[in-house]
Structures are given as C-alpha cells and as structure tokens.
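Quick note on numbering: the numbering used here labels position 116 of the sequence shown as 115, and the sequence is numbered without any gaps.
We put the beta carbon where it would ideally sit given N, CA and C, even for glycine.
Below: one structure, written as structure tokens.
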Amino acid sequence: MIEIDPQHLADRYMTQWTLADAAERRAAIERLWAEDGRHVLHPPTGIRQLAAELGFAHSTLEAHGYDAIEARVTRSYEQFVEKAGFTFRAHADAVRLDDVVKFDWQTVSAETGDVLGGGLVMLVLDDGGRIKTDYMFPGG
Numbered sequence: 000m001i002e003i004d005p006q007h008l009a010d011r012y013m014t015q016w017t018l019a020d021a022a023e024r025r026a027a028i029e030r031l032w033a034e035d036g037r038h039v040l041h042p043p044t045g046i047r048q049l050a051a052e053l054g055f056a057h058s059t060l061e062a063h064g065y066d067a068i069e070a071r072v073t074r075s076y077e078q079f080v081e082k083a084g085f086t087f088r089a090h091a092d093a094v095r096l097d098d099v100v101k102f103d104w105q106t107v108s109a110e111t112g113d114v115l116g117g118g119l120v121m122l123v124l125d126d127g128g129r130i131k132t133d134y135m136f137p138g139g
C-alpha cells in the first residue's frame, strides 16, 4: 500500500462533490476511485422507514464503477450544491488504519458558513491508494 496523507485524501474526496464542471468532476472521480469502486450509502431515516414499511429489513444505496459514481456525485451536486446552496467539507479528523481511512464531514451553507449537517465516511483503499469501497453514513 502506498503512503497517503489521510486528511489530504479526505479533502480531495469532499471536493469531488462540489465541482461545478462535469469534466473536472469526472477527472476527480477517476483520480480518486478504483475503476470498479463502490459507493455504499446508509440511507437517510425517511428512506429507511419507507423501505421497512415495504418489508425490506436492510436498505442500502449503492453505485458501482466510474459511470454510476459520476451519476451519484453529479446528482448530489445538482441537488445540494447547485440548488440548495450547500457545500461539503471534511472535518480535520481523518485517520488511516491499514487500508481504511475514516473521517467526519460537514454540510455547510455556502452563504452563511453555518454547519447544517454531516456524517461519517469510511474509505477502503486498494493497493494503489484509490477508493475501492466508500461507506457513507449521513447524519452521524
């Protein structure tokens, strides 16, 4: 495993979610992620409750590979950054243990700087230091 500064990785990871230019966003994804990378989102409470009402004991949302991850990041950008006026940032607490990088993140009002939410991310890296699996827990 190559040496990686976990905070630098966390900052680059959060930046991908805020890039307005589609080409820059795709390039950032390809630099950060393994080609077969997997983003796994622990859904917000409302989605989990709806899934439970439909008889699903476990609900996770997943995106696999560059195209699906790009679609996920783009949709998040459109909904939260472009329309809602938020930005995202990594908290200065990133740590690495073997091939796992863990850090907290924040949703911030771009206008006021107020922290409006956030969560936890755990990134599992491949031998080249790219994201193999991303476990995202909003609201934590």
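Rounded to the nearest angstrom, the Cβ distance from R95 to L31 is 15 Å, too far for a contact under 8 Å. Assignment of T106 by DSSP, reduced to helix, strand and coil, places it in the strand class. Take I3, set aside five residues on each side of it, and the residues of its chain with a beta-carbon closer than 8 Å to its own are R95, V100, L124 and G128, in chain order. Between V107 and D98, the CB-CB gap reaches or exceeds 8 Å.
Going by C-alpha positions, A62 is about 12 Å away from H41.
M121 and F102 have their C-alpha atoms roughly 7 Å apart. If only complete runs of 3 or more residues are kept, the segment 56–88 shows the beta strand (DSSP E) at 60–63, in order along the chain. Contact check for Y76 against T17 passes: the beta carbons are separated by less than 8 Å. The residue from A22, G138 and K131 with its alpha-carbon nearest to that of M0 is K131. Residue nearest to G84 within the set G36, T111, D133 and D35 is T111 (criterion: CA-CA distance). Residue nearest to F136 within the set T59, Q48 and R71 is T59 (criterion: CA-CA distance).
In this structure, G36 is the residue among R88, G36, A91 and T86 with its C-alpha nearest to the C-alpha of Y65. Residue range A21 to L31 is occupied by the alpha helix (DSSP H) that includes A22. In the DSSP annotation of this structure, the continuous segment of the beta strand (DSSP E) that includes R95 starts and ends at V94 to L96. Put simply, the backbone Cα of R74 is about 26 Å away from that of A91.
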